[in-house]
Amino acid sequence: MATIPSMMQAIAVVNPGKDSKLVIEQRPLPQPGPEQLLIKVAAAGINRADLMQRRGAYPPPEGESDILGLEVAGVVIAAGPQHKSWLGKAMFGLVPGGGYAEYALLHAGHAMVVPAGYSMAEVAATAEVFLTAYQLLSSIGNSQPGQHVLIHAGASGVGTAAVQLAKAIGCKVAVTTSSDDKLELCQKLGADILINYKDVAFEQELSKHWPDGVDIILDPVAGDYIRREIPLLKMDGKIVIYAMMAGRDVPDLDMAPLFKRRGQIICSTLRNRTNSYKTRLTQAFYQAYGQALAQRQIQPVLQQQFHWHQAEQAHQLMASNSTKGKLVLTF
48 MATIPSMMQA
58 IAVVNPGKDS
68 KLVIEQRPLP
78 QPGPEQLLIK
88 VAAAGINRAD
98 LMQRRGAYPP
108 PEGESDILGL
118 EVAGVVIAAG
128 PQHKSWLGKA
138 MFGLVPGGGY
148 AEYALLHAGH
158 AMVVPAGYSM
168 AEVAATAEVF
178 LTAYQLLSSI
188 GNSQPGQHVL
198 IHAGASGVGT
208 AAVQLAKAIG
218 CKVAVTTSSD
228 DKLELCQKLG
238 ADILINYKDV
248 AFEQELSKHW
258 PDGVDIILDP
268 VAGDYIRREI
278 PLLKMDGKIV
288 IYAMMAGRDV
298 PDLDMAPLFK
308 RRGQIICSTL
318 RNRTNSYKTR
328 LTQAFYQAYG
338 QALAQRQIQP
348 VLQQQFHWHQ
358 AEQAHQLMAS
368 NSTKGKLVLT
378 F
(Lines of atoms letter the chains of each structure in order from A and count residues from 1; the text may use other names and numbers.)
(Lines give C-alpha, C1' and ligand atoms only; values in the text may rest on other atoms or scores of the structure.)
Protein backbone atom coordinates (compact mmCIF):
# COMPACT_ATOMS: atom_id res chain seq x y z
CA MET A 1 0.00 0.00 0.00
CA ALA A 2 1.22 3.50 -0.84
CA THR A 3 2.90 5.58 1.81
CA ILE A 4 0.41 7.65 3.79
CA PRO A 5 1.38 11.35 3.82
CA SER A 6 1.35 13.56 6.90
CA MET A 7 -0.39 16.48 5.14
CA MET A 8 -3.26 16.80 2.69
CA GLN A 9 -5.06 19.43 0.66
CA ALA A 10 -8.58 20.42 1.68
CA ILE A 11 -11.14 23.06 0.79
CA ALA A 12 -11.56 25.60 3.58
CA VAL A 13 -14.15 28.33 4.07
CA VAL A 14 -12.79 31.85 4.46
CA ASN A 15 -14.97 34.55 5.99
CA PRO A 16 -18.07 32.43 6.74
CA GLY A 17 -21.25 34.32 5.88
CA LYS A 18 -22.82 35.82 2.79
CA ASP A 19 -19.38 36.82 1.43
CA SER A 20 -17.61 33.52 2.13
CA LYS A 21 -14.97 32.10 -0.19
CA LEU A 22 -13.57 28.64 -0.75
CA VAL A 23 -9.79 28.21 -0.75
CA ILE A 24 -7.44 25.24 -0.86
CA GLU A 25 -5.36 24.78 2.28
CA GLN A 26 -2.81 22.36 3.61
CA ARG A 27 -4.16 20.42 6.59
CA PRO A 28 -2.69 17.67 8.78
CA LEU A 29 -3.86 14.23 7.76
CA PRO A 30 -6.60 13.05 10.16
CA GLN A 31 -5.77 9.96 12.20
CA PRO A 32 -8.37 7.18 12.51
CA GLY A 33 -9.62 6.29 15.97
CA PRO A 34 -10.53 2.76 17.05
CA GLU A 35 -13.89 2.82 15.22
CA GLN A 36 -12.85 4.86 12.20
CA LEU A 37 -11.57 4.31 8.67
CA LEU A 38 -9.22 6.67 6.85
CA ILE A 39 -10.40 7.13 3.27
CA LYS A 40 -8.43 8.33 0.27
CA VAL A 41 -11.29 10.33 -1.20
CA ALA A 42 -12.16 9.73 -4.85
CA ALA A 43 -15.41 11.71 -4.84
CA ALA A 44 -17.52 13.75 -2.42
CA GLY A 45 -21.20 14.59 -2.65
CA ILE A 46 -22.37 18.20 -2.55
CA ASN A 47 -25.37 19.00 -0.37
CA ARG A 48 -27.33 22.13 0.39
CA ALA A 49 -26.08 21.77 3.96
CA ASP A 50 -22.62 22.66 2.63
CA LEU A 51 -23.96 26.00 1.41
CA MET A 52 -25.58 26.59 4.79
CA GLN A 53 -22.37 25.76 6.64
CA ARG A 54 -20.28 28.20 4.62
CA ARG A 55 -22.85 30.89 5.46
CA GLY A 56 -22.37 30.11 9.15
CA ALA A 57 -25.89 28.71 9.54
CA TYR A 58 -25.08 24.99 9.97
CA PRO A 59 -21.96 24.40 12.06
CA PRO A 60 -20.48 20.91 12.35
CA PRO A 61 -21.21 18.85 15.47
CA GLU A 62 -18.83 19.54 18.35
CA GLY A 63 -15.47 17.88 17.85
CA GLU A 64 -15.97 17.12 14.14
CA SER A 65 -14.05 18.51 11.18
CA ASP A 66 -14.84 22.05 10.06
CA ILE A 67 -14.15 21.02 6.46
CA LEU A 68 -17.27 20.88 4.30
CA GLY A 69 -18.63 17.60 2.96
CA LEU A 70 -21.10 15.08 4.41
CA GLU A 71 -20.51 12.03 2.20
CA VAL A 72 -17.53 10.47 0.49
CA ALA A 73 -16.49 7.58 -1.70
CA GLY A 74 -12.99 6.19 -1.87
CA VAL A 75 -10.56 3.49 -0.78
CA VAL A 76 -9.72 2.63 2.83
CA ILE A 77 -6.00 3.15 3.50
CA ALA A 78 -5.94 2.91 7.32
CA ALA A 79 -8.35 1.64 9.96
CA GLY A 80 -8.89 1.11 13.66
CA PRO A 81 -7.61 -2.20 15.05
CA GLN A 82 -10.98 -3.97 14.82
CA HIS A 83 -11.64 -2.88 11.23
CA LYS A 84 -8.52 -3.90 9.30
CA SER A 85 -10.67 -6.03 6.99
CA TRP A 86 -11.72 -2.79 5.28
CA LEU A 87 -8.17 -2.01 4.13
CA GLY A 88 -7.91 -1.63 0.37
CA LYS A 89 -11.67 -1.80 -0.18
CA ALA A 90 -13.74 0.71 -2.11
CA MET A 91 -16.54 2.11 0.02
CA PHE A 92 -18.90 5.05 0.50
CA GLY A 93 -20.86 6.53 3.35
CA LEU A 94 -21.81 9.46 5.55
CA VAL A 95 -19.27 11.63 7.32
CA PRO A 96 -20.12 14.39 9.85
CA GLY A 97 -17.73 16.71 8.00
CA GLY A 98 -14.42 16.60 6.19
CA GLY A 99 -15.52 15.33 2.78
CA TYR A 100 -14.01 18.17 0.72
CA ALA A 101 -10.46 16.90 1.23
CA GLU A 102 -8.01 14.40 -0.20
CA TYR A 103 -8.49 12.20 2.88
CA ALA A 104 -11.40 11.86 5.30
CA LEU A 105 -12.42 9.87 8.36
CA LEU A 106 -15.48 7.63 8.27
CA HIS A 107 -17.01 5.68 11.14
CA ALA A 108 -16.72 1.99 10.26
CA GLY A 109 -20.39 1.40 11.02
CA HIS A 110 -21.36 3.93 8.35
CA ALA A 111 -19.36 2.33 5.53
CA MET A 112 -21.05 0.62 2.59
CA VAL A 113 -19.34 -1.43 -0.11
CA VAL A 114 -19.42 0.09 -3.58
CA PRO A 115 -21.77 -2.05 -5.71
CA ALA A 116 -20.33 -3.61 -8.85
CA GLY A 117 -20.65 -1.35 -11.87
CA TYR A 118 -21.00 1.88 -9.90
CA SER A 119 -18.53 4.72 -10.32
CA MET A 120 -17.11 6.53 -7.33
CA ALA A 121 -19.03 9.65 -8.39
CA GLU A 122 -22.31 7.74 -8.38
CA VAL A 123 -21.89 6.31 -4.90
CA ALA A 124 -20.66 9.69 -3.62
CA ALA A 125 -24.12 10.92 -4.65
CA THR A 126 -25.93 8.17 -2.77
CA ALA A 127 -25.47 8.02 1.00
CA GLU A 128 -26.74 11.39 2.18
CA VAL A 129 -29.86 11.52 0.03
CA PHE A 130 -30.95 7.90 0.33
CA LEU A 131 -30.28 7.64 4.06
CA THR A 132 -32.09 10.93 4.63
CA ALA A 133 -35.04 9.81 2.51
CA TYR A 134 -35.09 6.41 4.22
CA GLN A 135 -35.06 8.06 7.63
CA LEU A 136 -37.88 10.45 6.71
CA LEU A 137 -40.11 7.84 5.10
CA SER A 138 -39.46 4.72 7.15
CA SER A 139 -37.85 5.53 10.50
CA ILE A 140 -39.97 8.64 11.11
CA GLY A 141 -42.86 8.44 8.67
CA ASN A 142 -43.48 4.69 9.09
CA SER A 143 -44.76 4.69 5.52
CA GLN A 144 -46.91 1.77 4.40
CA PRO A 145 -47.99 0.39 1.01
CA GLY A 146 -50.89 2.31 -0.46
CA GLN A 147 -50.32 5.48 1.53
CA HIS A 148 -50.32 8.90 -0.10
CA VAL A 149 -47.00 10.77 0.13
CA LEU A 150 -46.34 14.38 -0.91
CA ILE A 151 -42.69 15.18 -1.64
CA HIS A 152 -41.73 18.82 -2.04
CA ALA A 153 -38.60 19.62 -4.09
CA GLY A 154 -39.15 16.32 -5.85
CA ALA A 155 -36.25 16.81 -8.28
CA SER A 156 -33.69 17.57 -5.57
CA GLY A 157 -31.21 14.98 -4.34
CA VAL A 158 -33.34 13.92 -1.38
CA GLY A 159 -36.50 14.34 -3.43
CA THR A 160 -35.38 11.98 -6.20
CA ALA A 161 -34.30 9.41 -3.61
CA ALA A 162 -37.58 9.76 -1.71
CA VAL A 163 -39.67 9.29 -4.85
CA GLN A 164 -37.86 6.05 -5.61
CA LEU A 165 -38.10 4.70 -2.07
CA ALA A 166 -41.76 5.65 -1.67
CA LYS A 167 -42.62 3.87 -4.92
CA ALA A 168 -40.57 0.85 -3.84
CA ILE A 169 -42.64 0.70 -0.64
CA GLY A 170 -45.84 0.81 -2.70
CA CYS A 171 -46.97 4.36 -1.93
CA LYS A 172 -48.78 6.80 -4.19
CA VAL A 173 -46.49 9.79 -4.72
CA ALA A 174 -47.15 13.44 -5.50
CA VAL A 175 -44.31 15.89 -6.09
CA THR A 176 -43.90 19.63 -6.36
CA THR A 177 -41.12 21.27 -8.36
CA SER A 178 -40.41 24.60 -10.05
CA SER A 179 -40.25 23.54 -13.72
CA ASP A 180 -41.70 21.11 -16.20
CA ASP A 181 -38.35 19.46 -16.94
CA LYS A 182 -38.00 18.67 -13.24
CA LEU A 183 -41.51 17.21 -13.26
CA GLU A 184 -40.52 15.06 -16.22
CA LEU A 185 -37.63 13.64 -14.20
CA CYS A 186 -39.95 12.88 -11.27
CA GLN A 187 -42.38 11.17 -13.61
CA LYS A 188 -39.61 8.93 -14.94
CA LEU A 189 -38.80 7.99 -11.34
CA GLY A 190 -42.41 6.95 -10.78
CA ALA A 191 -44.22 9.97 -9.33
CA ASP A 192 -47.99 9.75 -9.84
CA ILE A 193 -49.02 13.40 -9.45
CA LEU A 194 -46.87 16.23 -10.82
CA ILE A 195 -47.33 19.81 -9.61
CA ASN A 196 -45.44 22.87 -10.81
CA TYR A 197 -45.82 25.16 -7.82
CA LYS A 198 -45.11 28.20 -9.96
CA ASP A 199 -48.22 27.53 -12.03
CA VAL A 200 -50.73 26.43 -9.38
CA ALA A 201 -51.17 26.41 -5.61
CA PHE A 202 -50.01 22.92 -4.66
CA GLU A 203 -52.64 22.48 -1.94
CA GLN A 204 -55.50 23.28 -4.31
CA GLU A 205 -54.19 21.01 -7.05
CA LEU A 206 -53.51 18.11 -4.71
CA SER A 207 -56.96 18.34 -3.15
CA LYS A 208 -58.44 17.70 -6.59
CA HIS A 209 -56.47 14.47 -6.98
CA TRP A 210 -56.50 13.25 -3.40
CA PRO A 211 -59.66 14.61 -1.75
CA ASP A 212 -59.23 12.16 1.13
CA GLY A 213 -55.86 13.69 2.02
CA VAL A 214 -52.19 12.84 2.47
CA ASP A 215 -50.55 10.47 4.95
CA ILE A 216 -46.98 11.86 4.87
CA ILE A 217 -45.55 15.15 3.64
CA LEU A 218 -41.78 15.52 3.24
CA ASP A 219 -41.03 19.23 3.51
CA PRO A 220 -37.64 20.95 3.10
CA VAL A 221 -39.31 24.34 2.69
CA ALA A 222 -41.16 25.08 5.97
CA GLY A 223 -42.24 28.71 6.39
CA ASP A 224 -45.70 29.34 4.97
CA TYR A 225 -45.83 25.83 3.50
CA ILE A 226 -46.70 24.38 6.91
CA ARG A 227 -49.90 26.39 7.20
CA ARG A 228 -50.89 25.30 3.69
CA GLU A 229 -50.05 21.63 4.31
CA ILE A 230 -52.05 21.03 7.48
CA PRO A 231 -55.48 20.99 5.75
CA LEU A 232 -54.14 18.32 3.36
CA LEU A 233 -53.44 15.79 6.09
CA LYS A 234 -55.43 12.64 6.62
CA MET A 235 -56.26 11.64 10.19
CA ASP A 236 -52.96 10.95 12.01
CA GLY A 237 -51.01 12.35 9.06
CA LYS A 238 -47.45 13.60 9.41
CA ILE A 239 -45.54 16.61 8.13
CA VAL A 240 -41.82 15.82 8.33
CA ILE A 241 -39.66 18.94 8.02
CA TYR A 242 -35.98 18.41 7.21
CA ALA A 243 -34.92 21.90 6.09
CA MET A 244 -36.16 25.50 6.24
CA MET A 245 -35.58 26.94 2.78
CA ALA A 246 -38.45 29.40 3.24
CA GLY A 247 -37.42 30.38 6.77
CA ARG A 248 -38.00 29.39 10.37
CA ASP A 249 -41.15 31.45 10.99
CA VAL A 250 -44.66 30.16 10.31
CA PRO A 251 -46.99 33.13 9.77
CA ASP A 252 -50.58 33.01 11.05
CA LEU A 253 -50.50 29.35 12.06
CA ASP A 254 -53.85 28.06 13.32
CA MET A 255 -53.27 24.87 15.33
CA ALA A 256 -56.93 23.83 15.42
CA PRO A 257 -56.89 22.03 12.03
CA LEU A 258 -53.82 20.09 13.15
CA PHE A 259 -55.59 18.95 16.33
CA LYS A 260 -58.69 18.02 14.32
CA ARG A 261 -56.59 15.61 12.27
CA ARG A 262 -54.42 14.44 15.18
CA GLY A 263 -51.65 15.56 12.87
CA GLN A 264 -47.96 15.64 13.66
CA ILE A 265 -45.28 18.13 12.69
CA ILE A 266 -41.88 16.47 13.08
CA CYS A 267 -38.52 18.19 12.61
CA SER A 268 -35.60 15.98 11.69
CA THR A 269 -31.89 16.26 10.96
CA LEU A 270 -29.37 13.51 10.28
CA ARG A 271 -25.94 15.10 10.71
CA ASN A 272 -26.09 15.54 14.49
CA ARG A 273 -27.41 12.03 15.19
CA THR A 274 -25.21 9.68 17.19
CA ASN A 275 -22.82 7.26 15.53
CA SER A 276 -24.86 4.35 16.84
CA TYR A 277 -28.04 5.81 15.30
CA LYS A 278 -26.34 6.31 11.93
CA THR A 279 -24.94 2.78 12.11
CA ARG A 280 -28.42 1.32 12.69
CA LEU A 281 -29.86 3.51 9.94
CA THR A 282 -27.15 2.53 7.45
CA GLN A 283 -27.53 -1.16 8.23
CA ALA A 284 -31.33 -1.02 8.02
CA PHE A 285 -31.22 0.81 4.70
CA TYR A 286 -28.66 -1.56 3.22
CA GLN A 287 -30.58 -4.61 4.40
CA ALA A 288 -33.80 -3.28 2.89
CA TYR A 289 -32.43 -1.73 -0.31
CA GLY A 290 -28.85 -2.89 -0.84
CA GLN A 291 -29.91 -5.42 -3.47
CA ALA A 292 -32.20 -2.91 -5.19
CA LEU A 293 -29.32 -0.44 -5.28
CA ALA A 294 -26.91 -3.03 -6.68
CA GLN A 295 -29.43 -3.95 -9.40
CA ARG A 296 -30.17 -0.25 -10.10
CA GLN A 297 -33.83 -0.65 -9.25
CA ILE A 298 -33.09 2.46 -7.21
CA GLN A 299 -30.11 4.67 -8.00
CA PRO A 300 -28.79 8.19 -7.51
CA VAL A 301 -29.62 10.90 -10.01
CA LEU A 302 -26.23 12.43 -10.82
CA GLN A 303 -26.53 15.67 -12.77
CA GLN A 304 -22.91 16.78 -12.97
CA GLN A 305 -19.39 16.09 -11.76
CA PHE A 306 -16.88 18.84 -10.96
CA HIS A 307 -13.16 18.58 -10.30
CA TRP A 308 -12.76 19.46 -6.65
CA HIS A 309 -10.89 22.65 -7.55
CA GLN A 310 -14.19 23.79 -9.09
CA ALA A 311 -16.13 23.59 -5.83
CA GLU A 312 -17.09 27.27 -5.98
CA GLN A 313 -18.62 26.80 -9.42
CA ALA A 314 -20.52 23.77 -8.17
CA HIS A 315 -21.86 25.71 -5.18
CA GLN A 316 -23.04 28.52 -7.43
CA LEU A 317 -24.95 26.02 -9.54
CA MET A 318 -26.60 24.47 -6.50
CA ALA A 319 -27.52 27.90 -5.13
CA SER A 320 -29.31 28.68 -8.42
CA ASN A 321 -31.95 26.05 -7.56
CA SER A 322 -31.76 24.79 -11.13
CA THR A 323 -30.23 21.40 -10.36
CA LYS A 324 -31.85 18.02 -10.78
CA GLY A 325 -30.53 15.32 -8.49
CA LYS A 326 -26.95 15.54 -7.23
CA LEU A 327 -23.69 17.37 -7.87
CA VAL A 328 -20.40 15.67 -7.00
CA LEU A 329 -16.75 16.70 -6.59
CA THR A 330 -14.13 14.33 -7.97
CA PHE A 331 -10.53 14.10 -6.75
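According to our numbering, the sequence shown is numbered sequentially starting from 48. Ideal Cβ placement from N, Cα and C applies to all residues, glycine included.
| Asked | Found |
| --- | --- |
| Write down every uninterrupted run of the beta strand (DSSP E) in the region 182–214 whose length is 3 residues or greater and which is fully enclosed by it, in chain order. | 195–198 |
| Can you grab the Cα-Cα spacing for the pair leucine 374 / lysine 229, in whole Å? | 15 Å |
| According to the neighbour-count rule (16 or more other Cβ atoms, all chains shown, within 10 Å of its Cβ), is asparagine 94 buried or exposed? | buried |
| Going by C-alpha to C-alpha distance, which of Arg102, Leu152 and Gly127 sits closest to methionine 55? | Leu152 |
| Hey, how far is the Cα of alanine 290 from the Cα of leucine 183? | 12 Å |
| Classify arginine 95 as helix, strand or coil using the three-state DSSP reduction. | helix |
| Do you know how far the Cα of glutamate 82 is from the Cα of glutamate 231? | 43 Å |
| Across which residues does DSSP place glycine 140 in a beta bridge pair? | Val119 and Ala158 |
| Give me the Cα-Cα distance between isoleucine 114 and phenylalanine 378, rounded to the nearest whole angstrom. | 15 Å |
| Can you give me the C-alpha to C-alpha distance between isoleucine 273 and threonine 50, rounded to a whole angstrom? | 53 Å |
| Is aspartate 266 helix, strand or coil when you go by DSSP? | strand |
| Does the contact criterion of 3 or more C-beta pairs under 8 Å hold for the region 154–167 versus the region 134–141? | yes |
| Using alpha carbons as the reference points, say which of Ile277, Lys281 and Gly188 lies closest to leucine 401. | Given that the chain is displayed from residue 48 to residue 378, the structure contains no residue 401 and the question cannot be resolved. |
| Let me check understanding here. Comparing Cα to Cα, which of Ala57, Thr329, Ile264 and Ala341 lies closest to histidine 16? | In the structure as shown, the chain starts at 48 and stops at 378, and residue 16 therefore has no counterpart that could be examined. |
| What are the partner residues of glutamate 72, as DSSP defines its beta bridges? | Ala57 |
| Return the residue from the list Lys87, Tyr181 and Val261 that minimises the CA-CA distance to glutamine 311. | Val261 |
| Just reading off the beta strand (DSSP E) that alanine 222 is part of, what are its end residues? | The sequence as given places valine at residue 222; alanine does not occur at that position. Unbroken beta strand (DSSP E) run through valine 222: 219–224. |
| Have a look at leucine 349 and alanine 202 and give me their C-alpha separation to the nearest angstrom. | 11 Å |
| Can you tell me whether DSSP reads glutamine 344 as helix, strand or coil? | coil |
| Which residue wins for smallest C-alpha separation from tyrosine 147, given the options Arg320, Glu118 and Gly140? | Glu118 |
| Can you tell me whether isoleucine 273 is helix, strand or coil according to DSSP? | helix |
| Rank Met99, Gly145, Ile198 and Ala238 by C-alpha distance to the C-alpha of serine 112 and give the top, closest one. | Gly145 |
| For lysine 87, write down the residues that DSSP places opposite it in a beta bridge. | Val122 and Tyr150 |
| Look up asparagine 322 in the DSSP assignment and say whether it is helix, strand or coil. | helix |
| Need the endpoints of the alpha helix (DSSP H) that leucine 364 sits in, please. | 358–366 |
| Pairing CB atoms from the region 187–196 with CB atoms from the region 207–225, are three or more of them under 8 Å? | yes |
| Is it buried or exposed for glutamate 169, if we count other Cβ within 10 angstroms and need 16 for buried? | buried |
| Please state the DSSP three-state secondary structure of leucine 300. | coil |
| For the pair the region 88–105 and the region 65–79, tell me if three or more CB-CB distances fall below 8 Å. | yes |
| Does the distance from the CB of alanine 269 to the CB of isoleucine 288 come in under 8 Å? | yes |
| Should phenylalanine 332 go down as buried or exposed, given a rule of 16 or more other Cβ atoms within 10 Å for buried? | buried |
| With phenylalanine 378 as the anchor, note down where its alpha helix (DSSP H) starts and where it stops. | Note, phenylalanine 378: premise wrong, no alpha helix (DSSP H); not H, not E. |
| Do alanine 171 and glycine 294 have their CB atoms nearer than 8 Å? | no |
| Could you check what DSSP says for methionine 292 in three-state terms: helix, strand or coil? | coil |
| Is the separation between the beta-carbon of leucine 84 and that of alanine 155 shorter than 8 Å? | yes |
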